[in-house]
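Going by my numbering, the sequence shown opens with residue 4, and the numbers climb by one from there. Following: one structure in structure tokens, then a few remarks.
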Amino acid sequence: MKKLVKQLSLFFLLACTSNHGSSQTIYYAQGDQKRVYEDEKKEVIDTCTLNIQYRMSSVEDTKNPKKKKENFMLLQIGKHVSKFSDFLRLKADSLSTIYALQKMDEIEAFNKLIPIQKECETFNIFKDYPNNNITVTDYMPLGGMYKYKEDKIKPNWIIDKDTITIGGFICKKATTTYRGRNYTAWYTEQIPKSDGPWKFWGLPGLILKIVDDKNEYEFSFVAIEKPKGIEEIYIKNIDYFNSTRTKFNEGVKKFCQNPGPLFESMDVKVDGKSLMNITTIPYNPIELSE
């Protein structure tokens with residue numbers, strides 16, 4: 004079982020850091036008994052009233068700024084809470100529930116789910132409106148799932164007179180400096196929700212587009228719709244490592260700057276080759292400062 008856990012950690016790591024593992028398959032370790040797949044438990048924290056899809060574009064390696072990673076993200080807005088996460092990860096969660104109900108073999112289920120999540124963003128961001136805080140769950144490379152909470156601090160927005168139309172909505176311009184990056188945002192008062200992608204909020208309308216001045220991070224509106232039925236906003240009820248934003252970001256940075264020792268300590272290999280000689284992994288976080 005420990006070998007299986009290490010395989011899964013490696014797969015999620017490779018999915019986040021490279022194109023390795025696209026044809027990899029996990030397997031039972033010798034002597035392991037086959038197991039029925041079990042779904043992760045979820046805690047329902049609100050009901051979704053509005054779904055907004057965004058395209059997230061990000062530069063992972065500043066030495067290669069023309070190469071951008073794209074993810075389709077979903078902002079689920081409820082009465083008390085909003086959740087921002089990768090659309091494909093939500094799809095994988097739905098399939099996970101189905102596979103558990105079907106009592107699918109554990110390894111078969113993992114091998115079906117991993118390709119879907121291969122390029123997914125690992126973070127989930129929950130904005131708690133009444134308590135004015137943000138909860139983040141995210142994956143620490145080879146370290147498991149972490150959770151931290153921070154105050155929901157409103158960015159210092161400067162509203163401009165410029166307007167554009169996005170998706171049929173009239174949008175106004177606003178700028179801010181937030182966590183070390185300078186952003187230009189476009190928001191619409193036609194959707195009176197003071198929310199937006201990632202941790203952005205605080206404008207008199209929904210943010211439909213926001214981009215930093217280096218063009219390294221951009222969130223752009225794709226579509227909006229109301230749920231056709233009851234749609235739950237949930238957080239996975241698993242054993243997280245509780246942390247702080249500062250400690251979590253420092254941990255990811257430390258790993259990316261020198262991943263070799265951790266690879267060596269865990270005897271991590273791909274196609275029989277050790278990864279201990281990897282000196283660095285591209286690191287360009289959206290948060291550059293406190």
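Note that CB positions come from ideal geometry on N, CA and C, so glycine has one too.
> For tyrosine 220 versus methionine 59, is the C-beta spacing smaller than 9 Å?
Replying inline: The residue given as residue 220 occupies position 217 in the sequence shown. The residue given as residue 59 occupies position 56 in the sequence shown. Yes, the Cβ-Cβ distance between tyrosine 220 and methionine 59 is below 9 Å.
> Got a sec? Which residues, its chain only, sit under 7 Å from lysine 256 by beta carbon, not counting five neighbours each side?
Replying inline: The count along the sequence shown starts at 1 and reaches residue 256 at position 253. Cβ neighbours of lysine 256 beyond the five flanking positions: Tyr286.
> In this structure, does DSSP put aspartate 96 in helix, strand or coil?
Replying inline: Here the question's residue 96 lines up with position 93 in the sequence shown. If DSSP states are grouped into helix, strand and coil, aspartate 96 belongs with the helices.
> DSSP on glutamate 221, reduced to helix/strand/coil?
Replying inline: The sequence position of residue 221 within the sequence shown is 218, counting from 1. Here glutamate 221 sits in strand by DSSP.
> In whole angstroms, what is the alpha-carbon distance linking proline 288 and threonine 65?
Replying inline: Here the question's residue 288 lines up with position 285 in the sequence shown. Here the question's residue 65 lines up with position 62 in the sequence shown. Each residue's alpha carbon lies about 10 Å from the other.
> Within 10 angstroms of its Cβ, does arginine 92 collect 16 or more other Cβ (buried), or is it exposed?
Replying inline: For the purposes of this step, residue 92 is taken as the residue at position 89 of the sequence shown. Arginine 92 comes out buried.
> Rounded to a whole number of angstroms, what is the C-alpha to C-alpha distance between tyrosine 102 and lysine 45?
Replying inline: As a first step, residue 102 must be located in the sequence shown, where it is residue number 99. As a first step, residue 45 must be located in the sequence shown, where it is residue number 42. The alpha-carbon atoms of tyrosine 102 and lysine 45 are separated by roughly 15 Å.
> What do you get for proline 144, buried or exposed, if any count of 16 or more other CB atoms within 10 angstroms of its CB means buried?
Replying inline: Your numbering for residue 144 matches position 141 in the sequence shown. Label assigned to proline 144: buried.
> How close, in whole Å, do the beta carbons of glutamate 192 and glycine 208 come, if the pair is a contact with beta carbons under 8 Å?
Replying inline: Residue numbering aside, residue 192 sits at position 189 when the sequence shown is read from its first letter. Residue numbering aside, residue 208 sits at position 205 when the sequence shown is read from its first letter. Indeed, because the Cβ distance is near 4 Å, the residues count as touching under 8 Å.
> Going by Cα to Cα distance, which pick from Phe129, Lys130, Pro133 and Asp96 is closest to cysteine 123?
Replying inline: The count along the sequence shown starts at 1 and reaches residue 123 at position 120. Taking only the C-alpha atoms, the option nearest cysteine 123 is Asp96.
>> Buried or exposed, going by whether 16 or more other CB atoms sit within 10 Å of the CB of glycine 171?
In response: In the sequence shown, counting from the first residue as 1, residue 171 sits at position 168. With fewer than 16 Cβ atoms within 10 Å of its Cβ, glycine 171 is classed as exposed.
> Taking isoleucine 241 as the reference, which of Ile137, Tyr142 and Ser88 has the closest Cα?
Replying inline: Position 238 of the sequence shown holds residue 241. Looking at the Cα atoms, Tyr142 is the closest of the given residues.
>> Residues in the same chain with beta-carbon distance under 6 Å from tyrosine 151, minus the five sequence neighbours each way, listed in chain order, please.
In response: Within the sequence shown, residue 151 is the residue found at index 148, counting from 1. Closer than 6 Å at the Cβ level, and outside the excluded window around tyrosine 151, lie Val139, Ser246, Thr247, Arg248 and Phe251.
>> If you reduce the DSSP assignment to three classes, tell me which class proline 285 lands in.
In response: Indexing the sequence shown from 1 puts residue 285 at position 282. Coil, per DSSP.
>> Does threonine 283 pass the burial test, meaning 16 or more other C-beta atoms within 10 Å, or should it be called exposed?
In response: The count along the sequence shown starts at 1 and reaches residue 283 at position 280. With fewer than 16 Cβ atoms within 10 Å of its Cβ, threonine 283 is classed as exposed.
> glutamate 122 by DSSP, collapsed to three states: which one?
Replying inline: Within the sequence shown, numbered from 1, the residue matching residue 122 stands at position 119. Here glutamate 122 sits in coil by DSSP.
> If you run the structure through DSSP and keep just helix, strand and coil, what is serine 26?
Replying inline: Residue numbering aside, residue 26 sits at position 23 when the sequence shown is read from its first letter. With a pLDDT of only 49 at serine 26, under 50, the local geometry of the prediction cannot be trusted, and the value read off the model is given with reservation. DSSP places serine 26 in coil when its eight states are reduced to three.
> isoleucine 210 to threonine 187, Cα distance in whole Å?
Replying inline: Indexing the sequence shown from 1 puts residue 210 at position 207. Indexing the sequence shown from 1 puts residue 187 at position 184. So the two alpha carbons sit approximately 10 Å from each other.
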